[in-house]
Amino acid sequence: MTEHDAINVLKKLGFSDIAVKKLIKFHYYLIKWNSKYNLISKNSEKDIWGRHIVDSAQLVGFINPLKANTIADLGSGAGFPGLILAIFFQDSKFHVKLVEKSPVKRAFLNDMIVKLDIKADILDNVYEDEVSADIIVCRAFKKLDKIMKISREILKKPHKIMILKGKDAQAEINNLPLDKNCSYKLETSITDSKSKILLVEVKK
Numbered sequence: 064m065t066e067h068d069a070i071n072v073l074k075k076l077g078f079s080d081i082a083v084k085k086l087i088k089f090h091y092y093l094i095k096w097n098s099k100y101n102l103i104s105k106n107s108e109k110d111i112w113g114r115h116i117v118d119s120a121q122l123v124g125f126i127n128p129l130k131a132n133t134i135a136d137l138g139s140g141a142g143f144p145g146l147i148l149a150i151f152f153q154d155s156k157f158h159v160k161l162v163e164k165s166p167v168k169r170a171f172l173n174d175m176i177v178k179l180d181i182k183a184d185i186l187d188n189v190y191e192d193e194v195s196a197d198i199i200v201c202r203a204f205k206k207l208d209k210i211m212k213i214s215r216e217i218l219k220k221p222h223k224i225m226i227l228k229g230k231d232a233q234a235e236i237n238n239l240p241l242d243k244n245c246s247y248k249l250e251t252s253i254t255d256s257k258s259k260i261l262l263v264e265v266k267k
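Residue numbers for the sequence shown follow this note's numbering, beginning at 64 and rising by one.
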């Protein structure tokens, strides 16, 4: 996906001109950092706009800021999807927490927060303390059973989980016994018809 095509999609998703400008700068800094550090695979550098930015950005269509105000992005990595969502919600009271254990990736995220004037917090561990959030998002983090276990451990209230998954999403769900307090649905990704967005509702 070209930058031009990606920007058209982002605007349809509701990204403002200011947000798009920040994403253009983010794209530049990501390539610059990736020349020294392994933030994303070298192969995916050719399609950062489609494979990473737009893929993450599509989650805004499933988030109602009137019903939720805090997101926790588990395994944020280079900021996907959490940093992209923080840019989108920059003018609202929405609160984004980027959870990443890698010191190098945390340094990159912090640099982007400063350079792009983004409202977000960076956390380094989800296993020690309770995390307050209405929505958990993740992408290329862990298997579904591990994500469900973590969500139950760190969140003590009803919440939603949004996971960007590949073509095996349904098979992974079929192998996971969801309890009566959970419901889910699958949505097709706008960047790859074989990929899915798994939306889980967890009631306490």
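We put the CB at the ideal spot given by N, CA and C, even for glycine. Keep in mind the model is a prediction, meaning the values are calculated, not measured.
Item: With distances taken between CB atoms, is the gap from Gly138 to Phe204 smaller than 7 Å?; Value: yes
Item: So the beta strand (DSSP E) Glu216 belongs to, where does it begin and stop?; Value: Per DSSP, Glu216 belongs to no beta strand (DSSP E); it is in the alpha helix (DSSP H), Leu207 to Ile217.
Item: Compare the Cα-Cα distances from Leu161 to each of Asp154, Ile181 and Val263 and report the closest residue.; Value: Ile181
Item: Please classify Ala234: is it buried, with 16 or more other beta-carbons within 10 angstroms of its beta-carbon, or exposed?; Value: exposed
Item: Are the CB atoms of Val83 and Val117 within a distance shorter than 7 Å?; Value: no
Item: Counting along the chain, where does the beta strand (DSSP E) carrying Val263 start and finish?; Value: Lys259 to Val265
Item: Leaving aside the five residues before and after Met175 along the sequence, list all residues of the same chain whose C-beta is less than 7 Å from its C-beta, in chain order.; Value: Phe89, Tyr92, Gly142, Leu146 and Ile181
Item: If I'm right that Glu264 touches Ser246 with Cβ under 8 Å, what's the distance once you round it to whole angstroms?; Value: 5 Å
Item: Do the stretch 150-157 and the stretch 117-134 meet, that is, are 3 or more Cβ pairs less than 8 Å apart?; Value: yes
Item: When the Cα atoms are used, what is the spatial distance from Leu102 to Asp242?; Value: 36 Å
Item: Could you tell me if Glu163 is buried or exposed, where buried requires 16 or more neighbouring beta carbons within 10 angstroms of its beta carbon?; Value: buried
Item: What residue does the alpha helix (DSSP H) around Glu235 start on, and which one ends it?; Value: Ala232 to Asn237
Item: Just to confirm my understanding: we take Lys169, look at its own chain, exclude 5 residues before and 5 after, and list those with CB closer than 7 Å. What are they?; Value: This sequence places Arg at residue 169; Lys is not what is there. The answer, listed in chain order, is Glu163, Ile185 and Asp187.
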